[in-house]
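These protein sequence lines map, in sequence, to chains S and G. Residues 7 to 187 in my numbering are what the first sequence lists, from first letter to last. Residues 7 to 187 in my numbering are what the second sequence lists, from first letter to last. Glycine is no exception: its CB is placed at the ideal position from the N, C-alpha and C atoms. Because the structure is a prediction, the values reported are computed rather than measured. Okay, structure first, notes after.
2 protein chains.
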Amino acid sequence: ESRLPGFATHQVGVAGAVVDESNGNVLVVQDKNKTKNAWKFPGGLSDPGENIGATAVREVFEETGVHSEFRSLLSVRQQHNHPGAFGMSDMYIICRLSPLSYHINFCTQECLRCEWLPLAELAATSQTTPITARVARLLLHGLEHGFDSIDLAMEELPAVYSGMFYQLYHRQLPPPQKPSL
Amino acid sequence: ESRLPGFATHQVGVAGAVVDESNGNVLVVQDKNKTKNAWKFPGGLSDPGENIGATAVREVFEETGVHSEFRSLLSVRQQHNHPGAFGMSDMYIICRLSPLSYHINFCTQECLRCEWLPLAELAATSQTTPITARVARLLLHGLEHGFDSIDLAMEELPAVYSGMFYQLYHRQLPPPQKPSL
């Protein structure tokens, strides 16, 4: 990457699609104060220094009361001049999470509704956003063919110069043929 | 996503892996002023309002003189307290590009070397960074099994509220069974 000094140009938002593999349900919310009540995945902005997966887990819990754990990165959206981003660009990332609890206790300040909805219903309804419908279809495909067909897996690797760690996301590879890595 | 006001927390860097499918070569550079001369993909920071793919194509041309076009997103890295990011977090994205020209005319201010290197060599050498070696292995897999096995494809979709467009990246889906989308 570049060695030139940089500055922050993006806010990062993360949503979590919590999928219950036992019944094909996914956790969705409807925002308050919207003219169109569309189902979407709970989520919000990353705090400074917060990992993508941590943001997803935290926001899902704050909005819905459901505990979950990070599984993979599914989708990345880049948007410029986003209304909520005050002239900055917006990176919006959707993760796949697994539920650790199931009881909903949703935040009535942020949400109008919160439900476990069948993925097939979310993929077919018009009461959702295009990106949510798209990811619902991805998740349905993952339920049927294995989530490795849609996941970007995460791995922590050491940074070359700083000695710190970073999170790397990409498609899972078959194990290396020779022990070169 | 959250309706709360946000602020920019991340700089976005983009690197381009330009793959010549006719011979399995990939375009790599070595930075100047590094103690360890490691092969890596050319890249740099996004300008404000610039799309991920546009950054990759621009940086590749500025560093190497090679023209290319965007094909897909391969990998996302998130790093906090990155030395070059002045306390902000860093999102570093590697894209796959296809060459539109092949003649190298590299920037001697930024680069020490620039070459078309066989992907198999880049995947095996110790003269590279862990993330570059990893992506070289991904690309080798893609060359052999089809790039749809490693790509996140890009699509432009209309934003629900603003009427503007955003770029969405995820694994390619089989075509829908019913015309619901």
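(request) Using alpha carbons as the reference points, say which of Leu125(S), Gly148(S), Glu150(S) and Leu149(S) lies closest to Ser138(S). (result) Taking the first residue of the first sequence as position 1, residue 138(S) is located at position 132. Per the sequence presented here, residue 138(S) reads as Thr, with Ser not at that position. Across the set Leu125(S), Gly148(S), Glu150(S) and Leu149(S), the C-alpha of Leu125(S) shows the shortest separation from the C-alpha of Thr138(S).
(request) With 9 Å as the limit, tell me which residues of the region 116 to 127 of chain G have their beta carbon closer than that to any beta carbon of chain S; keep them in chain order. (result) Glu116
(message) Could you check whether His176(S) and Val1(G) sit closer than 9 Å to each other, using their CB atoms as the reference points?
(response) Missing from the structure shown is residue 1(G); chain G here goes from 7 to 187 and no further.
(request) Pull up the distance between the alpha-carbon of Asn39(S) and that of Glu69(S), whole angstroms please. (result) Your numbering for residue 39(S) matches position 33 in the first sequence. Your numbering for residue 69(S) matches position 63 in the first sequence. Roughly 15 Å between the two C-alpha positions.
(message) Counting C-beta neighbours from all protein chains within 10 Å, is the total for Thr134(G) 16 or more, i.e. buried, or is it exposed?
(response) Your numbering for residue 134(G) matches position 128 in the second sequence. Buried is the call here.
(request) Mark Tyr108(G) as exposed unless 16 or more other C-beta atoms lie within 10 angstroms of its C-beta, in which case mark it buried. (result) Within the second sequence, residue 108(G) is the residue found at index 102, counting from 1. So Tyr108(G) ends up on the exposed side.
(request) Drop a sphere of 10 angstroms on the beta-carbon of Asn111(G), count the other beta-carbons inside from all chains shown, and report buried for 16 or more, exposed for fewer. (result) In the second sequence, residue 111(G) corresponds to position 105, counting from 1. Per the 10 Å Cβ criterion, exposed.
(message) If I follow the unbroken alpha helix (DSSP H) through Arg177(S), where does it start and stop?
(response) As a first step, residue 177(S) must be located in the first sequence, where it is residue number 171. From DSSP, Arg177(S) is part of no alpha helix (DSSP H); its letter is neither H nor E.
(message) Quick check on Ser95(S) - is its C-beta less than 9 Å from some C-beta in chain G?
(response) By 1-based counting over the first sequence, the position of residue 95(S) is 89. Output row for Ser95(S): interface = yes.
(request) Measure the C-alpha to C-alpha separation of Val32(S) and Pro136(G) and round it to an integer number of angstroms. (result) As a first step, residue 32(S) is located in the first sequence; it is residue number 26 there, counting from the start. As a first step, residue 136(G) is located in the second sequence; it is residue number 130 there, counting from the start. The straight-line gap separating the alpha-carbon atoms of Val32(S) and Pro136(G) is approximately 35 Å.
(request) Determine the DSSP secondary structure at His16(S), reduced to helix, strand or coil. (result) Locating residue 16(S) in the first sequence gives position 10, counting from the first residue. Note: His16(S) maps to strand in three-state DSSP.
(request) Can you have a look at Asn29(S) and say buried or exposed, based on whether 16 or more other CB atoms are within 10 angstroms of its CB? (result) Residue 29(S) sits at position 23 when you count from the first residue of the first sequence. Answer is exposed; the Cβ neighbour count stays below 16.
(request) Could you tell me if Thr114(G) is buried or exposed, where buried requires 16 or more neighbouring beta carbons within 10 angstroms of its beta carbon? (result) As a first step, residue 114(G) must be located in the second sequence, where it is residue number 108. Burial call: exposed.
(message) Do Leu51(G) and Gly22(G) have their beta-carbon atoms positioned less than 9 Å apart in this structure?
(response) Taking the second sequence and counting its residues from 1, one reaches residue 22(G) at position 16. Taking the second sequence and counting its residues from 1, one reaches residue 51(G) at position 45. No; because the gap between Cβ atoms is not below 9 Å, this pair is not in contact.
(request) Note down the Cα distance separating Ser168(G) from Ala159(S), rounded to an integer number of angstroms. (result) Within the second sequence, numbered from 1, the residue matching residue 168(G) stands at position 162. Within the first sequence, numbered from 1, the residue matching residue 159(S) stands at position 153. Rounded to the nearest angstrom, the two C-alpha atoms are 32 Å apart.
(request) Using beta-carbon positions only, say whether Ser104(S) and Ser74(S) come within less than 9 Å of one another. (result) The count along the first sequence starts at 1 and reaches residue 104(S) at position 98. The count along the first sequence starts at 1 and reaches residue 74(S) at position 68. Taking 9 Å as the Cβ cut-off, Ser104(S) and Ser74(S) qualify as a contacting pair.
(message) What would DSSP say about Thr135(S), mapped onto helix, strand or coil?
(response) The residue given as residue 135(S) occupies position 129 in the first sequence. Three-state result, Thr135(S): coil.
(request) Going by CA-CA distance only, name the one from Gln36(G), Gly59(G), Trp45(G) and Lys42(G) that's closest to Glu162(G). (result) Here the question's residue 162(G) lines up with position 156 in the second sequence. Of the listed residues, the one whose Cα sits closest to Glu162(G) is Gly59(G).
(message) Checking 9 Å against the spacing of the C-beta atoms, do Gln85(S) and Tyr172(G) come in under that value?
(response) For the purposes of this step, residue 85(S) is taken as the residue at position 79 of the first sequence. For the purposes of this step, residue 172(G) is taken as the residue at position 166 of the second sequence. Result yes, Cβ atoms of Gln85(S) and Tyr172(G) sit closer than 9 Å.
(request) From the DSSP output, in three-state form, read off Phe76(S) for me. (result) Taking the first residue of the first sequence as 1, we reach residue 76(S) at position 70. In the structure shown, Phe76(S) sits in a strand (DSSP, three-state: E or B).
(request) Identify, in the order they occur along the chain, each residue of the same chain with its Cβ nearer than 7 Å to the Cβ of Ala129(S), setting aside the five sequence neighbours on each side. (result) The sequence position of residue 129(S) within the first sequence is 123, counting from 1. Only Ala139, Ala142, Arg143 and Leu146 meet the Cβ criterion.
(request) Within the same chain, show all residues whose beta-carbon is closer than 8 Å to that of Leu174(G), passing over the 5 residues directly before and after it, in chain order. (result) Here residue 174(G) refers to the residue found at position 168 when the second sequence is read from its first residue. Closer than 8 Å at the Cβ level, and outside the excluded window around Leu174(G), lie Met160, Glu161, Glu162 and Leu163.
(message) Quick check on Asp154(S): does DSSP put it in helix, strand or coil?
(response) In the first sequence, the residue the question calls residue 154(S) occupies position 148. Looking at Asp154(S) - three-state DSSP - the assignment turns out to be helix.
(message) Can you give me the C-alpha to C-alpha distance between Gly49(S) and Val66(S), rounded to a whole angstrom?
(response) Translated into the one-based positions of the first sequence, residue 49(S) becomes position 43. Translated into the one-based positions of the first sequence, residue 66(S) becomes position 60. Each residue's alpha carbon lies about 6 Å from the other.
(request) Assign Ile99(G) to one of three DSSP states: helix, strand, or coil. (result) The residue given as residue 99(G) occupies position 93 in the second sequence. Three-state result, Ile99(G): strand.
(message) Please tell me whether Gln133(G) has its Cβ less than 9 Å away from any Cβ of chain S.
(response) For the purposes of this step, residue 133(G) is taken as residue 127 along the second sequence, with counting starting at 1. Judged by the 9 Å Cβ criterion, Gln133(G) is not in contact with chain S.
(message) Quick check on Val82(G) - is its C-beta less than 9 Å from some C-beta in chain S?
(response) Indexing the second sequence from 1 puts residue 82(G) at position 76. Interface residue, yes.
(request) Take Trp122(S) as the anchor and find which of Ala62(S), Ser132(S) and Phe47(S) has the nearest alpha-carbon. (result) Residue numbering aside, residue 122(S) sits at position 116 when the first sequence is read from its first letter. If we check each option's Cα against that of Trp122(S), Phe47(S) comes out closest.
(message) Residues in the same chain with beta-carbon distance under 6 Å from Asp53(S), minus the five sequence neighbours each way, listed in chain order, please.
(response) Start at 1 with the first residue of the first sequence, and residue 53(S) comes out as number 47. Within the same chain, Asp53(S) has no close Cβ partners at all.
(request) Look at the alpha carbon of Thr35(G) and the alpha carbon of Val24(G), and state the distance between them as a whole number of angstroms. (result) Here residue 35(G) refers to the residue found at position 29 of the second sequence. Here residue 24(G) refers to the residue found at position 18 of the second sequence. Reading off the sequence, residue 35(G) comes out as Val, not Thr. Rounded to whole angstroms, Val35(G) and Val24(G) show a C-alpha spacing of 11 Å.
(message) Distance check for Ser81(S) and Ala44(S), CA to CA, integer angstroms please.
(response) The count along the first sequence starts at 1 and reaches residue 44(S) at position 38. The count along the first sequence starts at 1 and reaches residue 81(S) at position 75. Rounded to the nearest angstrom, the two C-alpha atoms are 19 Å apart.
(request) Give a yes or no on whether 9 Å exceeds the smallest Cβ distance from Ala165(G) to chain S. (result) Residue mapping note: residue 165(G) aligns to position 159 of the second sequence, counting from 1. True, the Cβ-Cβ gap to chain S drops below 9 Å.
(message) For a contact defined as C-beta to C-beta under 9 Å, what are the partners of Asn43(G) on chain S?
(response) Taking the first residue of the second sequence as position 1, residue 43(G) is located at position 37. Near Asn43(G) there are no residues of chain S at all, since even the closest Cβ is about 12 Å away, more than 9 Å.
(request) List the residues of chain S whose Cβ lies closer than 8 Å to the Cβ of Asn87(G), in chain order. (result) Reading the second sequence from its first residue, position 81 is the one you call residue 87(G). For Asn87(G), the residues of chain S that pass the 8 Å Cβ criterion are Gly55, Ser168 and Met170, in the order they occur in the chain.
(request) Out of Asp37(S), Ala14(S) and Phe13(S), state which residue places its alpha-carbon closest to the alpha-carbon of Cys117(S). (result) Here residue 117(S) corresponds to residue number 111 of the first sequence, with the count starting at 1. Among Asp37(S), Ala14(S) and Phe13(S), the Cα nearest to that of Cys117(S) is on Asp37(S).
(request) Mark Asp154(G) as exposed unless 16 or more other C-beta atoms lie within 10 angstroms of its C-beta, in which case mark it buried. (result) Your numbering for residue 154(G) matches position 148 in the second sequence. With fewer than 16 Cβ atoms within 10 Å of its Cβ, Asp154(G) is classed as exposed.
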